[in-house]
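A.B. asks: Would you mind keeping the following structure in view while I ask a few things?
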Amino acid sequence: MYNREKVREYYRNNEVVHNYTATRFTTPLAQVQHRKQVKVVNETIKKYFLDTALELAPGPLRVTTDIMGLKRGCAMDYSENMLKSAAQLLKNHETKAPWSLQRGDAFCLPYKSATFDLIYSFRFIRHFQDTDREKLFAEAWRVLKRDGFLIFDVPNFFTETKIRRKLDPAQLAVYDKLWYRREIINEMKENRFTTLTLSNNINHFDVQVYISRFHKLKLGALARKLIDRIDQYPSEHPYEWVILCQKR
Ligand SMILES: C[S@@+](CC[C@H](N)C(=O)[O-])C[C@H]1O[C@@H](n2cnc3c(N)ncnc32)[C@H](O)[C@@H]1O
Numbered sequence: 026m027y028n029r030e031k032v033r034e035y036y037r038n039n040e041v042v043h044n045y046t047a048t049r050f051t052t053p054l055a056q057v058q059h060r061k062q063v064k065v066v067n068e069t070i071k072k073y074f075l076d077t078a079l080e081l082a083p084g085p086l087r088v089t090t091d092i093m094g095l096k097r098g099c100a101m102d103y104s105e106n107m108l109k110s111a112a113q114l115l116k117n118h119e120t121k122a123p124w125s126l127q128r129g130d131a132f133c134l135p136y137k138s139a140t141f142d143l144i145y146s147f148r149f150i151r152h153f154q155d156t157d158r159e160k161l162f163a164e165a166w167r168v169l170k171r172d173g174f175l176i177f178d179v180p181n182f183f184t185e186t187k188i189r190r191k192l193d194p195a196q197l198a199v200y201d202k203l204w205y206r207r208e209i210i211n212e213m214k215e216n217r218f219t220t221l222t223l224s225n226n227i228n229h230f231d232v233q234v235y236i237s238r239f240h241k242l243k244l245g246a247l248a249r250k251l252i253d254r255i256d257q258y259p260s261e262h263p264y265e266w267v268i269l270c271q272k273r
């Protein structure tokens, strides 16, 4: 199946929707990773006094509900099931910014040009091949205001390939683009974005994933603290970067 359709199809599945947060973000390691992604978005909003943001492909609002300081946020996803689950969550939780949910296709955004100060997206852009990513970046560029910002996650080729060698191929159901540092900077340049920062996320994966397993012994809080502390020590090869770039 064509990659774009495959990704849409995969996240339409009810089981994937219901298990999404439960299976992916319960370990201390994933929680530390999540917090760093949120931190980069929140610090950008604060630093540049941003009012409006679009979250592309928010799924069940893992990141959305932790975002602060916006006047208006739009969370746009293709999957009706994901949106249903997201709407339920918005009903039950008070969020720190006013969000509206919308169904749409990231390849053809249902917004006028120059609408948003910021676009961010996690665990989405990485799932597409080069030509599709070009289209995603072109649409993001179009709906961003002048000097607008784009934030997303960039899996590190070096670290991920080492990890993936040990995985069962069934665990790699969806395609992931993995990047070298220089490669992502060049790719963004070719797509009319200047990279401002690449923030390391999970600096010492092997040790941190080991400590993360302590949560099975009901030591989740301690594991999180240790993982956080270890993450203060920089490394050449983090698990991923969170990229902040600006429209040129
Ligand atoms: C891996 S989930 C990411 C969820 C969330 N961003 C996170 O980091 O937890 C990918 C999301 O992309 C959505 N999606 C897939 N294709 C899409 C498209 N063409 N346009 C918009 N959303 C799409 C899926 O419905 C799913 O919610």
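Under the numbering used here, the first residue of the sequence shown is numbered 26, with each subsequent residue one higher.
Backbone N, C-alpha and C fix where the C-beta goes; we use that ideal spot for every residue, glycine too.
1. Could you work out which residue in D142, R171, F149, V65 is closest to S104 when comparing CA atoms only?
2. Here's the rule: buried if 16 or more other CB atoms are within 10 angstroms of the residue's CB, otherwise exposed. What is C99?
3. Rounding to the nearest angstrom, what Cα-Cα distance links V63 and D231 in this structure?
4. Measuring alpha carbon to alpha carbon, tell me which of C270, I255, N28 ends up nearest I210.
5. With burial defined as no fewer than 16 other Cβ atoms inside 10 Å of the residue's Cβ, what is the status of Q154: buried or exposed?
6. Quick one: Cα of T219 to Cα of L244, how far?
7. Among the residues of its own chain, which have a CB less than 7 Å from the CB of S237, if the five just before and after it don't count?
8. Please classify D256 as buried or exposed, where buried requires at least 16 neighbouring CB atoms within 10 angstroms.
9. The alpha helix (DSSP H) that contains N228, what's its start and end?
10. Measuring alpha carbon to alpha carbon, tell me which residue in Y145, D102, E119 is nearest D130.
11. Leaving out five residues on either side along the sequence, give the residues of the same chain with a beta carbon under 7 Å from the beta carbon of H262.
12. Exposed or buried, which one is E265 when buried takes at least 16 other CB atoms within 10 Å?
13. I need the boundaries of the beta strand (DSSP E) containing P180, first residue and last residue.
14. Do you know how far the Cα of H229 is from the Cα of L79?
15. For ligand 1, is there any heavy atom lying closer than 7 Å to the beta carbon of S260?
16. Measure the CB-CB distance between A82 and S146 and report whether it falls below 8 Å.
17. Who pairs with M101 in a beta bridge, going by DSSP?
18. So does R33 have its beta carbon nearer than 7 Å to some heavy atom of ligand 1?
C.D. replies: So, from the listed chains and residues:
1. Out of D142, R171, F149, V65, F149 has the C-alpha closest to the C-alpha of S104.
2. Buried, because 16 or more other Cβ atoms sit within 10 Å of the Cβ of C99.
3. 23 Å
4. C270
5. exposed
6. 42 Å
7. T52, P53, L54, A248, I252
8. buried
9. Premise fails: N228 is in no alpha helix (DSSP H) and is neither H nor E.
10. D102
11. N181, F183, T184
12. buried
13. 169-180
14. 31 Å
15. No, the Cβ of S260 stays beyond 7 Å of every heavy atom of ligand 1.
16. yes
17. DSSP output for M101 lists L81, Q127 as bridge partner(s).
18. yes
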